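Peer 1: For the sequence shown, the UniProt record's numbering assigns the number 1 to the initial residue and increments by one for each residue that follows. Below is the structure I would like to discuss, written out as structure tokens.
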Amino acid sequence: MFNRPLYYEKIKPFIGKPFIKIISGIRRCGKSTMMLLIQQLMADEGVKREQIISINFESMKYYHLRSSIALYEYVSELVKTMETPAYLFFDEIQIVKDWEEAVNSLFLDFQVDVYITGSNSQLLSSELSTLLTGRCIHIQMQVLSFTEMLTFRSTLQETQQDLLWLYIRRGGFPAVHLSIDYDEKATYMILNDIFDSIVLRDVVQRYKIRDVELLRRILNFIADSVGSTISAKRIADYFKSQARSVDMNTVYTYLDALVSSFLITRVQRYDIQGKELLKTQEKYYLADTGLQHAVFGYKDRHISGILENIVYNELVRRGYTVYIGKLGTQEVDFVAEQPPRKLYVQVAFKLESEETVQREFAPLLAIRDSYPKFVVTMDQNFHDTLEGVQHIGLHQFLTDEKIV
């Protein structure tokens with residue numbers, strides 16, 4: 001098993017403590033493996049196998065437990081005969097109807113240490129928050145970062161630049177990097193399978209989507225527009241131009257379903273001068289750029305948006321809350337906050353002309369504060385720092401956490 005220190009270190013302080021540990025994230029990002037790693041640590045520290053109850057609700061073996069009452073009765077009978085504390089591991093808990101009631105009751109009625117995973121952001125719904133106020137710790141997992149991918153492929157004789165391009169094209173799903181023998185065709189077969197499982201299980205089935213073809217076309221539109229602001233009206237107008245009438249409420253519903261499955265993330269705009277969030281023209285980013293290439297195809301014109309997507313995911317991974325910046329008529333790709341820290345980031349493929357340099361630096365130079373400002377590109381040679389704005393490479397940005 002491959003360790004994921006970033007997430008393991010977040011969970012470790014709460015192991016054995018009276019909190020329900022919730023691990024959420026897109027399907028196949030490594031949540032189940034993290035549960036196994038925690039169980040292994042417990043075994044190493046003397047916890048007996050008989051003290052652990054582990055249930056994956058996607059298995060037909062546990063089909064009869066897909067209701068809160070059945071789950072509570074089954075687990076409570078086991079716990080009564082076990083040495084305490086009992087350690088409960090529930091994988092893909094969202095499959096269980098009213099699962100939060102069962103988990104809350106088990107937590108209250110018995111001496112248990114509870115860990116749950118789910119592939120849906122509704123794990124943190126208002127109902128759950130009300131039931132488990134003050135009792136849960138939430139950790140959201142992502143696919144492999146670039147540095148994690150380097151560890152996965154540490155035995156290969158590949159240059160750092162080659163590996164960076166590999167990451168850009170194949171993304172970070174662990175399954176893609178488990179074997180060094182996967183070529184691009186095999187990789188994209190794996191990614192297509194992951195994509196289909198997310199769309200069919202976590203979106204279509206859960207949200208009872210009737211028009212799967214429309215859902216895919218909306219996703220295609222988003223993938224084609226990564227790095228650009230999008231509104232439900234713009235999507236509806238696009239379909240209208242294709243001689244297809246689509247209700248805006250349907251677009252909103254489908255977008256919300258895609259966000260809830262962690263397949264895409266919605267990012268709001270932020271008025272840097274007025275210091276307020278704006279309600280229109282968000283951007284959407286994919287959970288993994290490999291999905292874009294596998295499912296929708298690689299296009300050179302997408303490269304700036306793809307790099308922007310990678311930078312966004314990395315900022316979130318490092319704990320930043322991220323917005324799209326607006327400064328008058330200018331746009332700043334990212335305003336990232338992690339109080340008391342704050343920084344601004346512009347992303348471009350390459351600064352190949354003075355015009356491009358001016359375009360990318362200008363919005364950052366217009367911001368009148370002393371927070372760090374970066375232009376991130378794929379260049380090999382870098383411009384000097386200009387009035388506090390630093391030009392750095394994507395590789396450095398992804399591997400040197402001291403920078404941001």
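Ideal placement from N, C-alpha and C gives every residue a C-beta, glycine not left out. These numbers were taken from a predicted model, which means no experiment stands behind them.
(1) Let me know the secondary structure DSSP gives L343 once reduced to three states.
(2) If we call anything under 8 Å between Cβ atoms a contact, is V96 one with L106?
(3) Using a Cβ-Cβ cut-off of 7 Å (strictly less than) and excluding sequence neighbours within five positions of F361, which residues of its own chain qualify?
(4) Would you call the stretch 235-253 and the stretch 287-301 in contact, with 3 or more CB pairs under 8 Å?
(5) Taking only three categories from DSSP, how would you classify residue 406?
(6) For V246, which residues from the same chain have a beta carbon less than 6 Å from its beta carbon, with the 5 sequence-adjacent residues on both sides left out?
(7) What is the C-beta distance between D91 and F57, in whole angstroms, given that I count them as a contact (C-beta under 8 Å)?
(8) Compare the Cα-Cα distances from R135 to each of Q94, G118, V103 and report the closest residue.
(9) Can you check DSSP and say which residues form a bridge with G319?
(10) Measure the C-alpha to C-alpha separation of Y252 and E77 and round it to an integer number of angstroms.
(11) Can you name the residues that DSSP bridges to E337?
(12) Where G214 and Y254 are concerned, what is the direct C-alpha to C-alpha distance, given to the nearest angstrom?
(13) Give me whichever residues DSSP pairs with E282 in a beta bridge.
(14) Please classify S54: does DSSP put it in a helix, a strand, or coil?
(15) Is the separation between the beta-carbon of Q268 and that of Y312 shorter than 8 Å?
(16) Should R266 be labelled buried (16 or more other beta-carbon atoms within 10 Å of its own) or exposed?
(17) According to DSSP, simplified to helix, strand and coil, what is V311?
(18) Measure the CB-CB distance between H177 and I22 and report whether it falls below 8 Å.
(19) Given that a residue counts as buried once 16 or more other Cβ atoms are within 10 Å of its Cβ, and exposed if not, what is S261?
(20) Would you kindly work out how many angstroms separate the C-alpha atoms of V335 and K402, rounded to a whole number?
(21) Pick from G30, Q111, D224: whose alpha carbon is nearest that of I52?
(22) Whole-angstrom Cβ separation of I194 and F173, contact assumed at under 8 Å?
(23) Rounded C-beta distance between L200 and L394? I'm assuming under 8 Å.
(24) With burial defined as no fewer than 16 other Cβ atoms inside 10 Å of the residue's Cβ, what is the status of P363: buried or exposed?
(25) Leaving out five residues on either side along the sequence, give the residues of the same chain with a beta carbon under 7 Å from the beta carbon of N192.
(26) Provide the residue span of the alpha helix (DSSP H) that contains H395, from first to last.
(27) If you drop the 5 nearest sequence neighbours on each side, which residues of the same chain put their C-beta closer than 7 Å to that of I11?
(28) Please report the distance separating the alpha-carbon of Y8 from that of M42.
(29) Please report the straight-line C-alpha distance between G325 and V47, rounded to a whole angstrom.
Peer 2: If we stick to the structure as given:
(1) For the purposes of this step, residue 343 is taken as residue 343 along the sequence shown, with counting starting at 1. Three-state DSSP puts L343 in a strand.
(2) Your numbering for residue 96 matches position 96 in the sequence shown. Your numbering for residue 106 matches position 106 in the sequence shown. Result no, Cβ atoms of V96 and L106 do not sit closer than 8 Å.
(3) Residue numbering aside, residue 361 sits at position 361 when the sequence shown is read from its first letter. Only V375, L386, V389 meet the Cβ criterion.
(4) no
(5) Any answer about residue 406 is impossible in this case: the structure gives the chain only from 1 up to 404.
(6) Position 246 of the sequence shown holds residue 246. If we look at V246 and ignore the five residues flanking it on each side, its Cβ neighbours are A236, F239.
(7) Reading the sequence shown from its first residue, position 91 is the one you call residue 91. Reading the sequence shown from its first residue, position 57 is the one you call residue 57. Between F57 and D91 the Cβ distance is about 6 Å, and since that is below 8 Å, they are a contact.
(8) Residue mapping note: residue 135 aligns to position 135 of the sequence shown, counting from 1. The shortest C-alpha separation from R135 is found at V103.
(9) Locating residue 319 in the sequence shown gives position 319, counting from the first residue. G319 pairs with nothing; no bridge assigned.
(10) In the sequence shown, counting from the first residue as 1, residue 252 sits at position 252. In the sequence shown, counting from the first residue as 1, residue 77 sits at position 77. Those two C-alpha atoms are separated by around 44 Å.
(11) Along the sequence shown, one-based indexing puts residue 337 at 337. DSSP lists T321, K342 as partners of E337.
(12) The residue given as residue 214 occupies position 214 in the sequence shown. The residue given as residue 254 occupies position 254 in the sequence shown. The sequence given here places Leu at residue 214; Gly does not occur at that position. C-alpha separation (whole angstroms): 9 Å.
(13) Taking the sequence shown and counting its residues from 1, one reaches residue 282 at position 282. Its beta-bridge partners are I230.
(14) Counting from one through the sequence shown, the residue named residue 54 turns up at place 54. Correct three-state label for S54: strand.
(15) To locate residue 268, count along the sequence shown from 1; it is residue 268. To locate residue 312, count along the sequence shown from 1; it is residue 312. No, they are not a contact pair.
(16) For the purposes of this step, residue 266 is taken as the residue at position 266 of the sequence shown. Flag for R266 reads exposed.
(17) In the sequence shown, residue 311 corresponds to position 311, counting from 1. Residue state, collapsed to three classes: helix.
(18) Taking the sequence shown and counting its residues from 1, the one referred to as residue 177 is at position 177. Taking the sequence shown and counting its residues from 1, the one referred to as residue 22 is at position 22. Going by C-beta atoms, H177 is not nearer than 8 Å to I22.
(19) Numbered from 1 along the sequence shown, position 261 holds the residue referred to as residue 261. S261 should be labelled buried.
(20) By one-based count along the sequence shown, residue 335 stands at place 335. By one-based count along the sequence shown, residue 402 stands at place 402. Looking at the two C-alpha atoms, the distance is approximately 18 Å.
(21) Counting from 1 along the sequence shown, the entry for residue 52 is found at position 52. The shortest C-alpha separation from I52 is found at Q111.
(22) Along the sequence shown, one-based indexing puts residue 194 at 194. Along the sequence shown, one-based indexing puts residue 173 at 173. Indeed they touch by this definition, with Cβ atoms about 6 Å apart.
(23) Within the sequence shown, the letter at position 200 stands for residue 200. Within the sequence shown, the letter at position 394 stands for residue 394. Not a contact, Cβ separation roughly 33 Å.
(24) By one-based count along the sequence shown, residue 363 stands at place 363. That one is buried.
(25) As a first step, residue 192 must be located in the sequence shown, where it is residue number 192. Hits under 7 Å: A294, V295.
(26) Translated into positions along the sequence shown, residue 395 becomes position 395. Here the alpha helix (DSSP H) through H395 covers 394-399.
(27) As a first step, residue 11 is located in the sequence shown; it is residue number 11 there, counting from the start. Here the set comprises K21, I38, I139.
(28) One-based indexing of the sequence shown puts residue 8 at position 8. One-based indexing of the sequence shown puts residue 42 at position 42. Taking the straight line joining both Cα atoms gives about 13 Å.
(29) Translated into positions along the sequence shown, residue 325 becomes position 325. Translated into positions along the sequence shown, residue 47 becomes position 47. Those two C-alpha atoms are separated by around 49 Å.
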